[in-house]
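Residue numbers (my numbering): 398 to 475. What follows is a short report on a single structure.
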């Protein structure tokens, strides 16, 4: 199944080690109920999408948001 193919109803799991500037982590890719689910083992964060590409892109955006929050200087703006 290619990266841009919508998932069918079968369940499959793939593991893809990824490398960033600092670490190597494993992202688990699962297909459930017609959706691709990408889960980062290190953080426990996951995201989903109608294609494998979308699920990975959504996971990357979510991880970036979490990293930005972790790097926050603590200045309360509310």
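Even for Gly, the Cβ is constructed at its ideal location relative to N, Cα and C.
Beta-ladder partner(s) of residue i, from DSSP
i: residue 436; result: 425 and 443
Alpha carbon of residue i to alpha carbon of residue j, nearest angstrom
i: residue 468; j: residue 449; result: 29 Å
i: residue 422; j: residue 436; result: 11 Å
i: residue 462; j: residue 455; result: 11 Å
i: residue 459; j: residue 465; result: 10 Å
i: residue 428; j: residue 444; result: 12 Å
i: residue 430; j: residue 452; result: 14 Å
8 Å contact criterion, which residue i and residue j should meet: CB distance rounded
i: residue 441; j: residue 433; result: Not a contact, Cβ separation roughly 18 Å.
Given residue i as reference, the closest of the options once Cα atoms are compared
i: residue 439; options: 458, 425 and 462; result: 425
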